[in-house]
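Quick note on numbering: full-length UniProt numbering labels position 38 of the sequence shown as 38, and the sequence is numbered without any gaps.
All remarks here apply to the structure that follows.
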Amino acid sequence: MPKSKRAKLISLTRTEAKGRDFKVQLIEKVQKSLDEYDYVYVFSVDNMRNTFLKDIRQSWKTSRFFFGKNKVMAKAFGTSPETEYQPNSMLVGQQLAGDVGLLFTNEKPAKVTKFFKNYVQRDFARAGMVATDTVGLPEGPVVRGVDQEPLPPNMEPHLRGLGMPTTLKAGVVTLMRDFDICKAGEVLTSQQAHLL
Numbered sequence: 001m002p003k004s005k006r007a008k009l010i011s012l013t014r015t016e017a018k019g020r021d022f023k024v025q026l027i028e029k030v031q032k033s034l035d036e037y038d039y040v041y042v043f044s045v046d047n048m049r050n051t052f053l054k055d056i057r058q059s060w061k062t063s064r065f066f067f068g069k070n071k072v073m074a075k076a077f078g079t080s081p082e083t084e085y086q087p088n089s090m091l092v093g094q095q096l097a098g099d100v101g102l103l104f105t106n107e108k109p110a111k112v113t114k115f116f117k118n119y120v121q122r123d124f125a126r127a128g129m130v131a132t133d134t135v136g137l138p139e140g141p142v143v144r145g146v147d148q149e150p151l152p153p154n155m156e157p158h159l160r161g162l163g164m165p166t167t168l169k170a171g172v173v174t175l176m177r178d179f180d181i182c183k184a185g186e187v188l189t190s191q192q193a194h195l196l
């Protein structure tokens with residue numbers, strides 16, 4: 001018999017679907033944490049980096065963080081007064097929207113809010129962020145770092161591709177005119193973020 005030429009569904013991914021078992025485990029873990037801890041917080045993150053989250057988890061070893069599908073975590077709290085896991089827990093589930101996580105802790109609310117209000121980490125600018133300052137480069141040789149070290153000549157085509165008006169003069173990458181990388185208040189493009 002010849003092979004069938006019917007369209008077959010082919011999965012191009014190597015990752016396995018987490019499935020129902022994973023969701024049930026997440027619900028059970030959230031409910032166990034509800035019993036174990038006194039306080040639960042819903043928090044949101046902007047441009048989260050995993051290394052910073054690791055640092056926070058190290059600082060709060062006695063607490064528990066959850067990131068998962070919002071609808072699955074909301075199911076753990078209950079979706080109606082009849083299905084609530086604990087009294088008024090469905091109100092927490094209703095707050096789960098967007099890029100949020102859960103923090104379960106026994107620490108007092110004053111300590112938690114103080115920590116997270118003061119927690120700031122410096123990081124490189126990323127595309128989509130709003131520029132806080134105007135950054136410009138003067139006409140002349142392009143240098144980098146505190147040492148004012150000139151850029152290698154092989155970087156010139158890359159910089160030109162990112163929109164900088166550069167040229168090579170005697171093997172030195174040179175700006176042909178003053179160039180503003182970004183202006184305060186504008187949303188950064190991927191090219192601007194790369195240049196910063």
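From the three backbone atoms N, C-alpha and C, an ideal C-beta is built for every residue, glycine too.
- If you draw a straight line from the Cα of N50 to the Cα of R57, it comes to about 10 Å.
- Taking the Cα positions, K29 is about 39 Å away from V187.
- Bridge partners of F104 according to DSSP: V40, R64.
- In this chain, the alpha helix (DSSP H) harbouring F116 covers 109–118.
- For the options D35, G68, K61, Q25, the alpha carbon positioned closest to that of S44 is the one of G68.
- For T189, there is no enclosing beta strand (DSSP E), as DSSP gives it neither H nor E.
- Around the beta-carbon of G161, fewer than 16 other beta-carbon atoms lie within 10 Å, marking it exposed.
- Within the same chain, C182, K183, A184, G185, E186, L188 come within 7 Å of A131 by CB-CB distance, once the 5 residues on both sides are set aside.
- The Cβ atoms of L159 and V146 lie no closer than 9 Å to each other.
- Pairwise C-beta distances place the stretch 105–114 out of contact with the stretch 169–177, as fewer than three of them are shorter than 8 Å.
- For V24 against L96, the beta-carbon gap comes to about 18 Å, at or over 8 Å, which does not count as contact.
- Contact check between the stretch 113–133 and the stretch 69–84: fewer than three CB pairs, one atom from each, fall below 8 Å, which does not count as touching.
- Taking all protein chains shown into account, E156 has 16 or more neighbouring C-beta atoms within 10 Å of its C-beta and is therefore buried.
- By the neighbour-count definition (other C-beta atoms within 10 Å, threshold 16), F115 is an exposed residue.
- Residue range 135–137 is occupied by the beta strand (DSSP E) that includes V135.
- Judged by their CB atoms, L103 and W60 are nearer to each other than the 9 Å cut-off.
- In this structure, the straight-line span from the alpha carbon of D55 to that of K169 is close to 46 Å.
- Considering only L34, D46, T83, the residue with the shortest C-alpha distance to F65 is L34.
- Per the coordinates, the alpha-carbon of T83 lies some 32 Å from the alpha-carbon of D46.
- At least 9 Å separates the beta-carbon of Q121 from that of F22.
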